[in-house]
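Protein chains in written order, with the working numbering: chain F, 114 to 313; chain L, 14 to 541; chain A, 933 to 1305. Every residue, glycine too, gets a C-beta built ideally from N, C-alpha and C. First comes the structure, then the notes that go with it.
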Amino acid sequence: MTTNSPTPNPAPRADNARVVRRLLFVVVGMFGFGFALVPLYEVFCDITGFNGRTKNEQAAANMRSVDTSRTINVQFITRVNKGMPWGFEPEVKSVRVHPGETKVVNFLASNPTGQNMVAQAIPSVAPGEAGLYLNKTECFCFNQQPLAAGADTKMPMQFYLDPDIPKHIHTLTLSYTMYDMTANAQPDVLATFEAATSAD
Amino acid sequence: MSTVAGEMDHHDHHHHAPSGITRWLFTTNHKDIGSMYLWFSFIMFLVGGSMAMVIRAELFQPGLQLVEPHFFNQMTTVHGLIMVFGAVMPAFTGLANWMVPMMIGAPDMALPRMNNWSFWILPFAFAILLGSLFMEGGGPAFGWTFYAPLSTTYSSDSTALFVFSVHIMGISSIMGAINVIVTIMNMRAPGMTYMKMPLFVWTWFITAFLLIAVMPVLAGAVTMVLTDKYFGTSFFDAAGGGDPVLFQHIFWFFGHPEVYIMILPSFGIISAIIPAFSRKKLFGYSSMVYATAAIAGLSFIVWAHHMFTTGMPVAAEIFFMYATMLISVPTGVKVFNWVATMWRGSITFETPMLFALAFVILFTIGGFSGLMLAITPVDFQYHDTYFVVAHFHYVLVTGAIFSIMAAAYYWLPKWTGHMYNETLAKWHFWTSLISVNVLFFPMHFAGLAGMPRRIPDYSLQFADINQIVSIGGFAFGLSQLIFLAVVIKCVRGGEKAPAKPWEGAEGLEWTVPSPAPYHTFETPPEVK
Amino acid sequence: MSTRLITALLASIPLAASAQSQLNLTQGVTEISQRVYDLHMTIFYICCVIGVIVFGAMFVSMILHRKSKGHKPATFHENVKVEILWTAIPFLILVGMAIPATKTLFAMEDTSEAEVTVLVTGSQWKWHYKYFDSDVEYYSLLATRQDQINNRLDKGENYLLEVDRPLVIPTDTKVRFLVTSDDVIHSWWVPDFAVKKDANPGFINEAWTKVDEPGIYRGQCAELCGKDHGFMPVVVIAKEPAEYEAWINEQEAIAKAEKEEEQRLLSMSMSKDELMELGERVYLGSCAACHQPSGEGIPGVFPSLKGTNMVMNDKAGHINIVVNGKSGTAMQAFGNQLSLRELAAVITYERNAWGNDTGDLIQAADVNEFLNK
Chain F
114 MTTNSPTPNP APRADNARVV RRLLFVVVGM FGFGFALVPL YEVFCDITGF NGRTKNEQAA
174 ANMRSVDTSR TINVQFITRV NKGMPWGFEP EVKSVRVHPG ETKVVNFLAS NPTGQNMVAQ
234 AIPSVAPGEA GLYLNKTECF CFNQQPLAAG ADTKMPMQFY LDPDIPKHIH TLTLSYTMYD
294 MTANAQPDVL ATFEAATSAD
Chain L
14 MSTVAGEMDH HDHHHHAPSG ITRWLFTTNH KDIGSMYLWF SFIMFLVGGS MAMVIRAELF
74 QPGLQLVEPH FFNQMTTVHG LIMVFGAVMP AFTGLANWMV PMMIGAPDMA LPRMNNWSFW
134 ILPFAFAILL GSLFMEGGGP AFGWTFYAPL STTYSSDSTA LFVFSVHIMG ISSIMGAINV
194 IVTIMNMRAP GMTYMKMPLF VWTWFITAFL LIAVMPVLAG AVTMVLTDKY FGTSFFDAAG
254 GGDPVLFQHI FWFFGHPEVY IMILPSFGII SAIIPAFSRK KLFGYSSMVY ATAAIAGLSF
314 IVWAHHMFTT GMPVAAEIFF MYATMLISVP TGVKVFNWVA TMWRGSITFE TPMLFALAFV
374 ILFTIGGFSG LMLAITPVDF QYHDTYFVVA HFHYVLVTGA IFSIMAAAYY WLPKWTGHMY
434 NETLAKWHFW TSLISVNVLF FPMHFAGLAG MPRRIPDYSL QFADINQIVS IGGFAFGLSQ
494 LIFLAVVIKC VRGGEKAPAK PWEGAEGLEW TVPSPAPYHT FETPPEVK
Chain A
933 MSTRLITALL ASIPLAASAQ SQLNLTQGVT EISQRVYDLH MTIFYICCVI GVIVFGAMFV
993 SMILHRKSKG HKPATFHENV KVEILWTAIP FLILVGMAIP ATKTLFAMED TSEAEVTVLV
1053 TGSQWKWHYK YFDSDVEYYS LLATRQDQIN NRLDKGENYL LEVDRPLVIP TDTKVRFLVT
1113 SDDVIHSWWV PDFAVKKDAN PGFINEAWTK VDEPGIYRGQ CAELCGKDHG FMPVVVIAKE
1173 PAEYEAWINE QEAIAKAEKE EEQRLLSMSM SKDELMELGE RVYLGSCAAC HQPSGEGIPG
1233 VFPSLKGTNM VMNDKAGHIN IVVNGKSGTA MQAFGNQLSL RELAAVITYE RNAWGNDTGD
1293 LIQAADVNEF LNK
């Protein structure tokens, strides 16, 4: 074969290797991107209230003035996950609040089983957009909740609605689903059972 | 002179290659590998097709007759997976293997050994997937979209095998795509500038980039399913702070570009065949290239139109609706260009052209239903009904698969050195065309009337439509056996094919003899 | 031949689709569903017009410009003006489509206050309805008999679209649905309301409707949710507001009476025949979808109850799993779905059917004792 041809055909091996390296870089990057979508989605949801996800962490204390010109109906829905035997109810089904007003609502939970159990409540808000304006200053849902066999408890949730809440929102539904976390309980939550036993 | 001698040396050298099974196991020849891809994809087409026959047989009448609902779900799931990853994608890779080097004047693919690997891991992937059907608890039964948590907490133990096999398919596709890109970038004959490449090469070039961008995301999605199911993570489980809807975002971020991966090479094929049989140059070559790139680009920002009912803020619904509608602009440009190519041509109707014409019309019908599906408020009614099933079968069967059939007839003389039997081929075309419409057209009505997809039994109002659809399904299935007969006859013998059997065909592949010698373009051709 | 066939096919599209039969989208019974229908038809007609023009040009070309007629090919292959034109015109058509679509979308997402709120929960494979403002909640299960599905009986008019307890809503009232799920993703769909919302486990979605006409409206689950996805229909009865009011009060009274009745019945033991008869009925309604009428389950997916250790030996464990379910599996807690008698009967049935023959009789009092332990 002639070797003095100026053709790029076939290409030098080094050239191929360079392109392959770059493409592999893209492949690895996109695999990482797939996983990066998880935190990106979280951020996106926090900003937009997408899918009714709501911040499940303590909000700053209520410093806002109360807007008495508006009243918003806040409904509470409680559910337990399939196969979760706890009783779980809000003390009131709904409250009417002014934006900026701080309210406390109690939730009642009971563990009818013969075992000590740990549960976690997961919130969801409808409409999703409203979740952005719901600020909880105290909530049982921030942490795992231990409940000894046969015990029941009253769990408070303190919240206020940001006065910037859009005008078209008249009703806000806050749902809590209680999940059995006994198998994945945090050690310090489990420790409460031991403390209770030793105190007896 | 020296060149000719050199070529002959090469021939001698390569003829020491092993024969029999080892030839196929160890081959690095792009034509061998292309053939294996094509045969593999046809076998998978028949396997996936027989699953479709099971589905249609069960749906022939209301009531449960043949299979249990759980098995029915496995059939719909594996049918989808096999057709997407086993039939359509390998067929395109096979065509790329055969044709891309010959179209750009390259002697082979740039990375021949990787080429061998990327093919040979595929049979294992599908053996694993099909094997999982025989496991206790059955194979995957959560739909080819494997939405969590149905595919995690609530799936059978074969899910691990499903994940493993999807990983292998993904690796195979990625290797194939890398090979295509490197080949096109580095192996073009002198003078073959980018804007002189045949559109099939262009569309595959863009497809390969899409593959590289999204197959890793799919790999990520199945990995998350795996860890959620077996290793206690909760990406998609609300209990641990995850979200099942997140799965759909990740999946469709892969899934929508994937849809274009399965149609862009078709555009390339049709853009070769219509000019050939219209005896007229392709209208608007450069706009075709730009339209392809535009479709590929847009495919990354439309994914959530599969998810309008999941509960999105209005702003997001509007964004995804508009972006999706926008895709019809470059797609329309393509269709208009094809029609303009035919306009005032000198048209003949050989089988490749018939399939190409059927493609243009039926794919466009699929495009229309796609446009209707993009309109968010009405999508709430169409979503997850047979209207969607009709839509994507129009773009995938009468779109992608018809284009593959067209390509097979178009290039069979080049591959085998024989002309196929035109009468038999026309029978294949007409039976396919009629039955495919009997099969899929009434599905639109079933969907509009309210029949959800993925159900093994339905209420009585859908009985007539389903019966018609099933009859069309069986007829379409049988028609494909004619195709098998045509191909086997053509491989074994028939009228000798000249180097360029089609009067109006253009491109470097027609400058080499038929059948194409084992090695072509060892000396690069000059492209003016 | 080819041309005639395809034109015939195309010509059949508008005819078939516009016929007021089961071949087209329903116009429904709400203002929204009507608007959705109109939008659907508008887009459809636009597509038809484009189709006629494009395919028309193709067929003209296929008929006139063929080689067999001696047509010589032209040589043109580029025209920037034409290209710009057929990029711009479709774009303008799209803008024309987007305007009504956007308006309809905003109308659908009208968040003004609703008078009735219903919590709709999907679970494998039934719907649960809970009225937010009253103490009424119940499961809604497929009412079609298994014998019809298995072709041993003739299928009824509403085959697979009938439930034991439909959802009841008032007409001329804005009703808000909060949709969620207990396990996998389901989708609550009533075509006549143009409402389809996914039920995502752990999250709630909203949808609204305002039904104009009283009637019975039927729909289905629209998201693959496992084995019996095709067998969880939605039936909604819309009643005049006054009738609705009466109905909901009656339901509240019934629910209260049932609870009292249950306590009263605790002291009464049922005979084995009674338990087995009730148990079989409950089993077929609530358990057989997974564990199969034969009790053998589906290997690898749903465990068998035939001769297995828990059923044969572990009485307490058996009561526990039926009442409380099993976390992280498809086994639901039936404690809040079935009455004490039904729970007792179904456990008795499982322990004595299919050759299990343990001879154990479980009474409502036993279950009650377990619950209050």
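Rank the options by C-alpha distance to the C-alpha of residue i and give the top, closest one.
i               : options                               : result
G358 (chain L)  : A:F976, A:M990 and A:H1003            : A:H1003
L497 (chain L)  : L:I34, L:M57 and L:T35                : L:M57
Q78 (chain L)   : A:D1079, A:L1272, A:S1226 and A:S1113 : A:D1079
G1291 (chain A) : A:K1247, A:F1302 and A:S1271          : A:K1247
V210 (chain F)  : F:F146, F:Q228, F:T226 and F:Y273     : F:Y273
T962 (chain A)  : A:T1240, A:E1069, A:V1107 and A:Q1295 : A:V1107
P300 (chain F)  : F:P212, F:P259 and F:G244             : F:P259
R1115 (chain A) : A:S1203, A:E1155, A:D1289 and A:N1083 : The sequence shown places Asp at residue 1115 (chain A), rather than the Arg named in the question. Ranking the options by Cα distance to D1115 (chain A), first place goes to A:E1155.
G549 (chain L)  : L:L384, L:A512, L:S171 and L:T377     : As shown, chain L starts at 14 and ends at 541. That puts residue 549 (chain L) outside it, with no answer to give.
F55 (chain L)   : L:A529, L:I495, L:V525 and L:G507     : L:I495
E1282 (chain A) : A:V1299, A:Q1269, A:H1250 and A:N1268 : A:H1250
V176 (chain L)  : L:Y298, L:A529 and L:T236             : L:T236
C1057 (chain A) : A:V1111, A:H1118 and A:K1001          : Residue 1057 (chain A) is actually Trp in this sequence, not Cys. Nearest of A:V1111, A:H1118 and A:K1001 to W1057 (chain A), Cα basis: A:H1118.
I314 (chain L)  : L:T305, L:A190, L:W356 and L:F267     : L:F267
S1218 (chain A) : A:T1240, A:T1043, A:Q1295 and A:F1266 : A:F1266
At a Cβ threshold of 7 Å, is residue i touching chain B?
i              : result
M990 (chain A) : The structure shown contains no chain B; the protein chains it does contain are F, L and A.
Output needed for residue i: all residues of its chain with C-beta closer than 7 Å, excluding positions within five of it in sequence on either side, in chain order.
i               : result
Q954 (chain A)  : none
S186 (chain L)  : M102, L224 and M228
A96 (chain F)   : Residue 96 (chain F) is absent from the structure shown; chain F starts at 114 and stops at 313.
A226 (chain L)  : P270
A1075 (chain A) : E1094, V1095 and D1096
E1301 (chain A) : none
S934 (chain A)  : With a pLDDT of 48 at S934 (chain A), under the threshold of 50, the modelled position of this residue cannot be trusted; read the value that follows with caution. So no residue of the chain qualifies.
A1139 (chain A) : F1109, V1111, V1127 and K1129
Within this structure, are the beta carbons of residue i and residue j separated by less than 7 Å?
i               : j               : result
G1162 (chain A) : I468 (chain L)  : yes
A264 (chain F)  : N219 (chain F)  : no
G47 (chain L)   : R292 (chain L)  : no
F442 (chain L)  : L384 (chain L)  : no
M1029 (chain A) : I975 (chain A)  : yes
T90 (chain L)   : W37 (chain L)   : no
M432 (chain L)  : P426 (chain L)  : yes
P390 (chain L)  : T1036 (chain A) : yes
Y1070 (chain A) : V1050 (chain A) : no
L971 (chain A)  : P1032 (chain A) : yes
Y1091 (chain A) : L473 (chain L)  : yes
W215 (chain L)  : A109 (chain L)  : no
Note down, in chain order, each residue of its chain lying with its Cβ closer than 6 Å to the Cβ of residue i, except the 5 sequence neighbours on either side.
i               : result
G1287 (chain A) : none
A459 (chain L)  : Y399, F475 and I478
Y423 (chain L)  : I286 and P365
Can you give me the Cβ contacts of residue i inside the same chain, cut-off strictly under 8 Å, excluding the 5 residues immediately before and after it?
i              : result
L221 (chain F) : G200, F201, E202, P203, E204, D265, T266, K267 and M268
N122 (chain F) : Model confidence at N122 (chain F) stands at a pLDDT of 48, short of 50, so the residue's coordinates are unreliable; what they give is reported in the following sentence. Hits under 8 Å: none found.
My understanding is that residue i touches residue j, with C-beta atoms under 8 Å, so please give their C-beta distance in whole angstroms.
i              : j              : result
Q87 (chain L)  : L146 (chain L) : 6 Å
F405 (chain L) : T322 (chain L) : Going by Cβ atoms, the distance from F405 (chain L) to T322 (chain L) rounds to 17 Å, so no, they are not a contact pair.
Chain L contacts made by the region 1018 to 1035 of chain A, where a contact means CB separation under 8 Å: W1018, T1019, P1022, F1023, L1026, M1029, A1030, A1033 and T1034
Under 7 Å (Cβ pairs) to chain F, residues found in the region 1224 to 1248 of chain A: none
Members of the region 1113 to 1145 of chain A that neighbour chain L once the beta carbon cut-off is set at 8 Å: D1115, V1116, I1117, S1119, W1121, P1123, A1126, V1127, K1128, K1129, D1130, N1132, P1133, G1134, F1135, N1137 and E1138
Under 8 Å (Cβ pairs) to chain L, residues found in the region 149 to 161 of chain F: L150, V151, Y154, C158 and T161
Residues, ordered as in the chain, of the region 316 to 338 of chain L that lie near chain A by beta-carbon distance below 7 Å: T322, T323, G324, V327, E330, I331, M334, Y335 and M338
Interface positions of the region 260 to 279 of chain L facing chain F (Cβ-Cβ less than 9 Å), listed along the chain: H262, I263, F266 and F267
Selection of the region 194 to 219 of chain L by Cβ proximity to chain F, strictly under 8 Å: I194, V195, M198, N199, M200, R201, A202 and P203
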